[in-house]
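For the sequence shown, full-length UniProt numbering begins at 1 and goes up steadily by one. What follows is a set of notes on a single structure, which appears directly below.
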Amino acid sequence: MTSVLRSRVLLPLALVGVLGCGEDEPTPPATLTVDIPVVARVGTQPFACGSVYTNVGTTKTTYEPMDFRVYVHDVRLVTSGGQEVPVALTDDGVWQREGVVLLDFANKDGLCANGTAGMNLSIKGTVPSDTYAGLRFRLGVPETLNHGNVSTAPAPLGDQSLFWHWRSGYLFTRIEGRTAGLPEHVMHLGSTDCAALPSGDPNGTAGCAYNNRPDVSLDGFKVGTNQVVLDLGALFAGSNLDVNASGPNTAVGCMSSQGDVDCAPIFERMGLAFGAQAANPAAQSFIRAE
Numbered sequence: 001m002t003s004v005l006r007s008r009v010l011l012p013l014a015l016v017g018v019l020g021c022g023e024d025e026p027t028p029p030a031t032l033t034v035d036i037p038v039v040a041r042v043g044t045q046p047f048a049c050g051s052v053y054t055n056v057g058t059t060k061t062t063y064e065p066m067d068f069r070v071y072v073h074d075v076r077l078v079t080s081g082g083q084e085v086p087v088a089l090t091d092d093g094v095w096q097r098e099g100v101v102l103l104d105f106a107n108k109d110g111l112c113a114n115g116t117a118g119m120n121l122s123i124k125g126t127v128p129s130d131t132y133a134g135l136r137f138r139l140g141v142p143e144t145l146n147h148g149n150v151s152t153a154p155a156p157l158g159d160q161s162l163f164w165h166w167r168s169g170y171l172f173t174r175i176e177g178r179t180a181g182l183p184e185h186v187m188h189l190g191s192t193d194c195a196a197l198p199s200g201d202p203n204g205t206a207g208c209a210y211n212n213r214p215d216v217s218l219d220g221f222k223v224g225t226n227q228v229v230l231d232l233g234a235l236f237a238g239s240n241l242d243v244n245a246s247g248p249n250t251a252v253g254c255m256s257s258q259g260d261v262d263c264a265p266i267f268e269r270m271g272l273a274f275g276a277q278a279a280n281p282a283a284q285s286f287i288r289a290e
């Protein structure tokens, strides 16, 4: 009799357990794969080597691209609650490695002889699943990787056309073009005024006075909906691209030197300090979300 009673009790309980398992909602994935699109423009026009753009800068000059490549790192998404979450970038052996991404908008069309056949127009990685409402990242190569041996560095850090020398390190941006007034205008962002290490230490630096790694904050950025836009029209809006304002025997354009007056309006639009002009991230207008 006792066994009969036990079976009558246990059977309904087992059925409840089975039914309960069937009603469980599927567990969401622990990680979210992200593929953030990044596009380049000149004003309202898509950037492309071989194109000619008008009304660029203060003189409304023409601009013919010759190069456009940018390093970024320290990529973070921001939760709806305001918490920064690092994106674990996917090492692909070509465009991404060790938390660094090379964004490449220049192929070999037109005047872009220094460009590469391939281009990279996205940032790929993973984050913990959450609701995200912002994107942040820094331009450039992190200090820990900036002063190594470019000749032995793996991609995307092995391109010697994106390297100054061991003390200053990499060109964080290589943006070049021809205007109506200049056969070549350059915008090379990188660390400057870097001190050498003591004698006998072949590589590295004792620190740079101007690190020049702007931190870009795109509030409201939604993964899967928005894209990042790098706009040369906005970057050069306050610049006269038809003259070398710093005078003869100086870089034609901006090479990040604090003595190069051509850098002042460009640095302002990157949110960077220049001379007496304090850093102002809120003035950053080169990069936006759409």
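Positions of the beta carbon are idealized from the N, C-alpha and C atoms, including for glycine. Remember, predicted model here, so these are calculated numbers, not experimental data.
Please report the residue range of the beta strand (DSSP E) in which P86 lies.
E84 to P86
Hey, R167 and C194 are a contact pair by Cβ (cut 8 Å); roughly how many whole angstroms apart?
5 Å
Residues in its own chain within less than 6 Å of S217 by CB, not counting five upstream and five downstream?
R136
Span of the beta strand (DSSP E) around G233:
Unbroken run through G233 is the alpha helix (DSSP H), L232 to L235; no beta strand (DSSP E).
Residues of its chain near A155, where Cβ-Cβ distance is below 6 Å and the 5 sequence neighbours each way are ignored
V94
Is the beta carbon of V223 sitting closer than 8 Å to the one on E290?
no
Through-space distance from L145 to L139, alpha-carbon basis:
14 Å
Enumerated in chain order, which unbroken segments of the beta strand (DSSP E) with a length of 3 residues or greater are wholly contained in the segment 78-160?
84-86, 100-104, 122-128 and 132-139
Spatial neighbours of G134 within its chain, please: CB distance less than 6 Å, with the 5 preceding and 5 following residues excluded, ordered by chain position.
V78, D219 and F221
Give every residue of the same chain whose Cβ lies closer than 8 Å to the Cβ of N107, excluding the five residues on either side of it in the sequence, and list them in chain order.
C49, G115, T116, A117, G118 and M119
The beta strand (DSSP E) enclosing P37, as first and last residue numbers
T31 to V42
Would you say the segment 85-104 touches the segment 54-64, given that touching needs at least three Cβ pairs under 8 Å?
no
Using DSSP's beta-bridge definition, name the partner residues of D215.
R138
Can we say the segment 33-51 touches the segment 238-245, given the rule of at least three CB pairs closer than 8 Å?
no
Note down, in chain order, each residue of its chain lying with its Cβ closer than 6 Å to the Cβ of D130, except the 5 sequence neighbours on either side.
T79
Would you kindly work out how many angstroms separate the C-alpha atoms of H73 and G181, rounded to a whole number?
34 Å
Quick one: residues in its chain with C-beta nearer than 6 Å to the C-beta of K124, no 5 flanking neighbours on either side, listed in chain order?
D35 and T90
7 Å CB neighbourhood of residue 292 in its chain, flanking five on each side removed:
One cannot answer for residue 292 here, as it falls past the ends of the chain, which runs 1 to 290.
Closer than 6 Å by C-beta to R288: which residues in its own chain qualify, once you throw out the five before and the five after it? Chain order, please.
V229
Whole angstroms is fine: what's the gap from C254's alpha carbon to V261's?
8 Å
Close beta carbons around V42, own chain, < 6 Å, minus the five adjacent residues each side:
Y53, L232 and G233
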